[in-house]
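As you go down the protein sequences, you meet chains A and B in turn. Just so we're aligned: 60 in our numbering is position 60 of the first sequence, and the numbers increase by one with no gaps anywhere. If you want our numbering, it's the 1-based position in the second sequence plus 170. Idealized CB from N, CA, C, for every residue including glycine. Bear in mind that the values here come from a model prediction, so they are computed numbers and not experimental data.
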Amino acid sequence: MRIIERLLRGIVTVGAFTGVACIIALMFLTVVTVSFRAIGIAFPGTYTLAEILLIPSISFSLAYAAYEGAHTRVELVTSLLPPRLARLLDALMLALGTVFWVVVAYAGTLEALKSARNQEQAPILGFPVTPFRWMLVIAISLLCLVLVVQVVQALLRTRQIEETGEESQS
Amino acid sequence: MTPVVTGFVGLIGLFSLIAFGMPIGFAMGLVGFLGFAYLISFHAAIIKVGVVTFDLSTNYAIGTVPLFLFMAHILFASGIGRDLYDVAACWLGRRRGGLAMATIGASSGFAAASASSIATTATMGLVALPEMRKHNYDVSLASGSVAAGGTIGSLIPPSGMFIIYGILTETSIGKMFAAGIIPGILLALFYMVTIALVCRINPNAGPRGPKYSLREKLVSLKKTGEVIVLFMLVMGGILLGWFTPTEAGAMGAFGAIIVASLRRRLNWKALQEAIYSTLKTTGMIFGILFGALVFNSFITVTNIPLNIVGFVTESGFSPFVVLLLILSVYLVLGMVLDASAMMTLTIPLFFPLVTNLGFDAVLFGVLVVRMTEIALITPPVGMNVYVLSGIAPDIPLTKIFKGTLPFVMADALHVALLLAFPILVLWLPSL
Numbered sequence: 001m002r003i004i005e006r007l008l009r010g011i012v013t014v015g016a017f018t019g020v021a022c023i024i025a026l027m028f029l030t031v032v033t034v035s036f037r038a039i040g041i042a043f044p045g046t047y048t049l050a051e052i053l054l055i056p057s058i059s060f061s062l063a064y065a066a067y068e069g070a071h072t073r074v075e076l077v078t079s080l081l082p083p084r085l086a087r088l089l090d091a092l093m094l095a096l097g098t099v100f101w102v103v104v105a106y107a108g109t110l111e112a113l114k115s116a117r118n119q120e121q122a123p124i125l126g127f128p129v130t131p132f133r134w135m136l137v138i139a140i141s142l143l144c145l146v147l148v149v150q151v152v153q154a155l156l157r158t159r160q161i162e163e164t165g166e167e168s169q170s
Numbered sequence: 171m172t173p174v175v176t177g178f179v180g181l182i183g184l185f186s187l188i189a190f191g192m193p194i195g196f197a198m199g200l201v202g203f204l205g206f207a208y209l210i211s212f213h214a215a216i217i218k219v220g221v222v223t224f225d226l227s228t229n230y231a232i233g234t235v236p237l238f239l240f241m242a243h244i245l246f247a248s249g250i251g252r253d254l255y256d257v258a259a260c261w262l263g264r265r266r267g268g269l270a271m272a273t274i275g276a277s278s279g280f281a282a283a284s285a286s287s288i289a290t291t292a293t294m295g296l297v298a299l300p301e302m303r304k305h306n307y308d309v310s311l312a313s314g315s316v317a318a319g320g321t322i323g324s325l326i327p328p329s330g331m332f333i334i335y336g337i338l339t340e341t342s343i344g345k346m347f348a349a350g351i352i353p354g355i356l357l358a359l360f361y362m363v364t365i366a367l368v369c370r371i372n373p374n375a376g377p378r379g380p381k382y383s384l385r386e387k388l389v390s391l392k393k394t395g396e397v398i399v400l401f402m403l404v405m406g407g408i409l410l411g412w413f414t415p416t417e418a419g420a421m422g423a424f425g426a427i428i429v430a431s432l433r434r435r436l437n438w439k440a441l442q443e444a445i446y447s448t449l450k451t452t453g454m455i456f457g458i459l460f461g462a463l464v465f466n467s468f469i470t471v472t473n474i475p476l477n478i479v480g481f482v483t484e485s486g487f488s489p490f491v492v493l494l495l496i497l498s499v500y501l502v503l504g505m506v507l508d509a510s511a512m513m514t515l516t517i518p519l520f521f522p523l524v525t526n527l528g529f530d531a532v533l534f535g536v537l538v539v540r541m542t543e544i545a546l547i548t549p550p551v552g553m554n555v556y557v558l559s560g561i562a563p564d565i566p567l568t569k570i571f572k573g574t575l576p577f578v579m580a581d582a583l584h585v586a587l588l589l590a591f592p593i594l595v596l597w598l599p600s601l
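Right, dumping it as structure tokens:
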């Protein structure tokens, strides 16, 4: 399990770095566009480029937030439950929630395949959009992977509580 | 099952999943997908999910989210919260209850940088609360002013809640930002008057702080000058039509990096922390938005919104009464849900009704955000109160809730004022 966790951390780090790089690129691209526009010089297609840069920024942010356990949830009921039951419920809810993201990844795959068939191109700039659609699929698949590992971790912790009667700090 | 019954079953299922701890966005997405598949077809649901998620990921307007968050995290890393409080305390601290008023003033300023109520509460809890306690402020007044001050963050642009509302309802985010300015300033004034009244009733609640000369006060402004200029450039740029909200976010983030560098507060570690926090918060927001848009599609095909419109039209209730009823729903929901969940769950149901009744989408947005924020300081959930309790664990929750009570009354008056004079909300966006 430790190897899987380490491997996952590495992949998430690469994904997060991609997302971060795209946010910074988006910022600089927009600042340059606005600055040059102020002096009467327009770069056609920057709007399209900005939209494309948003794909990795957003999709990898989802995986990173999941890895950090930051997705918003209400713990009013679960906090009242015994730790073992709470962990079990946690695993179950995460597993069910993963189903939605698997659907998103599958739907994204279908869209990417369609895009490749149609040789979809970005307006004005004319570069192929398909690789960016695949990037969305990869990022959502990474999110699914993170969630699956978290489900397993929650189940392992449930077993640990069952065996020792208490929860470890790790 | 009829579409309407399916919709209600879906809503019950959604609330159950959320109550059992499923992340809110995941629950909305799952229920939305299954409901859509049941009512239309599995294939149609897959196509819908694919289209909705890609459209959201490439929507230029949503660039506001990561860019404004980046600006906020950079300014946060540069210690702007502390500086704003110091300046406000220098100008207002001498008055009775002045440090609590300074907390409100600094919260308003920090909200403009942080885009978040909870971040504002957490920062002011660390900065202002110890100062007030050092000066023997009543614990309830001190903690109440910090928790309530945080809620101003939702109105002062750039507000994360306005961005979410804008995306969900396709209302101009720039107009939402403009609409929040006057109500935000008014709310800060309402809170300051509340503090003055509390201190008039109980003078020991907020003793006078140290006195500063006019020169010291003027010099203190230096600490926040660049940030005020940055804020005015960003918001002024949107209002004057120089740039779109997304461009304003990019200019703001870039400006924040320059400001933080000039203040010599931006090292490599702080920059890294800021950008990874940006990524995390962006993921949190989009986790909800992805699910919310799929859920929106489901609710639309259930015809529930149309049925609500039909029911209300036939009932003969006046539009104003209907609006009041809708706003009161938020008070009830606020007892169990957090602000973003409340908004994403209710907007698909209420928005068509409210616009059908002739209310302005911008006005409704400001009122909804206001109501969801009031819920942040009312029991039993009261997120801001819990955040503050985490920072100052020695203050009992009951004391903090007691402290927020006068501010909740001020909130009620503030909402009543906005309802009575919608021009306060709609004037700036109309320019």
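CB contact below 8 Å: residue i versus chain B
i: A/ILE41; result: no
i: A/ILE55; result: yes
i: A/ILE58; result: yes
i: A/ILE23; result: yes
i: A/ALA50; result: yes
i: A/GLY97; result: yes
i: A/ARG117; result: no
i: A/MET1; result: no
i: A/GLY19; result: yes
i: A/SER141; result: no
Between the CA atoms of residue j and residue i - distance to the nearest angstrom
i: B/ASP564; j: B/THR339; result: 42 Å
i: B/PHE185; j: B/PRO550; result: 17 Å
i: B/LEU598; j: B/GLU543; result: 22 Å
i: B/PRO518; j: A/THR130; result: 32 Å
i: B/LEU558; j: B/GLY320; result: 10 Å
i: B/PHE481; j: B/SER342; result: 29 Å
i: B/ASP253; j: B/THR394; result: 7 Å
i: A/ARG159; j: B/ARG540; result: 44 Å
i: A/GLY45; j: A/SER35; result: 16 Å
i: B/LEU567; j: B/THR414; result: 42 Å
i: B/PHE577; j: B/MET362; result: 10 Å
i: B/THR172; j: B/SER211; result: 15 Å
i: B/LEU493; j: B/VAL502; result: 15 Å
i: B/ILE217; j: B/ARG434; result: 50 Å
i: B/PRO328; j: B/SER390; result: 25 Å
i: A/ASN118; j: A/LEU156; result: 46 Å
i: A/ALA25; j: B/PHE347; result: 25 Å
i: B/PHE332; j: B/LYS439; result: 30 Å
i: B/PRO236; j: B/PRO353; result: 25 Å
i: A/TYR106; j: A/ALA116; result: 15 Å
i: A/GLY69; j: B/TYR556; result: 19 Å
Residue i classed as buried or exposed, judged by whether at least 16 other C-beta atoms fall within 10 angstroms
i: B/ASP225; result: exposed
i: B/LYS392; result: exposed
i: A/GLN150; result: buried
i: B/GLU417; result: buried
i: B/LEU583; result: exposed
i: B/THR483; result: exposed
i: B/MET579; result: exposed
i: A/GLU111; result: buried
i: B/SER498; result: exposed
Neighbour flag for residue i against chain A, beta carbons, 8 Å
i: B/PHE332; result: no
i: B/GLU417; result: yes
i: B/ILE288; result: no
i: B/PRO193; result: yes
i: B/ILE188; result: yes
i: B/LEU400; result: no
i: B/TYR361; result: no
i: B/LEU245; result: no
For the 8 Å Cβ check, are there 3 or more pairs between the segment 242-262 of chain B and the segment 454-474 of chain B?
-> no
Scan the segment 193-260 of chain B and note each continuous alpha helix (DSSP H) run of 4 residues or more that stays entirely inside, going in chain order.
-> 194-209, 212-227 and 234-247
If you pair each beta-carbon of the segment 15-35 of chain A with each one of the segment 43-60 of chain A, do three or more pairs fall below 8 Å?
-> yes
Curious, which full-length beta strand (DSSP E) runs of at least 3 residues does the segment 499-573 of chain B contain?
-> Unbroken beta strand (DSSP E) stretches of 3 residues or longer found wholly inside the segment 499-573 of chain B: none.
Which runs of the alpha helix (DSSP H) fall wholly inside the segment 445-492 of chain B and span at least 4 residues, in chain order?
-> 474-485
Ignoring anything shorter than 4 residues or poking outside the segment 1-70 of chain A, list the alpha helix (DSSP H) runs there in chain order.
-> 2-38 and 46-67
Flag this pair as touching only if the segment 84-99 of chain A and the segment 463-479 of chain B have three or more C-beta atom pairs under 8 Å; answer yes or no.
-> no
Is it a yes or a no for the segment 319-336 of chain B touching the segment 290-305 of chain B, going by three-plus beta-carbon pairs under 8 Å?
-> Under the three-pair Cβ rule at 8 Å, the segment 319-336 of chain B counts as touching the segment 290-305 of chain B.
So, do the segment 422-433 of chain B and the segment 398-411 of chain B have three or more beta carbon pairs nearer to each other than 8 Å?
-> yes
Return the residues of the segment 421-432 of chain B that lie within a Cβ-Cβ distance of less than 7 Å from chain E, sorted by chain order.
-> Although the question refers to chain E, the structure presented lacks it and instead comprises the protein chains A and B.
Does the segment 136-155 of chain A come close enough to the segment 91-104 of chain A to have 3 or more Cβ pairs within less than 8 Å?
-> Taking 8 Å as the limit for Cβ pairs, the verdict is that the segment 91-104 of chain A does touch the segment 136-155 of chain A.
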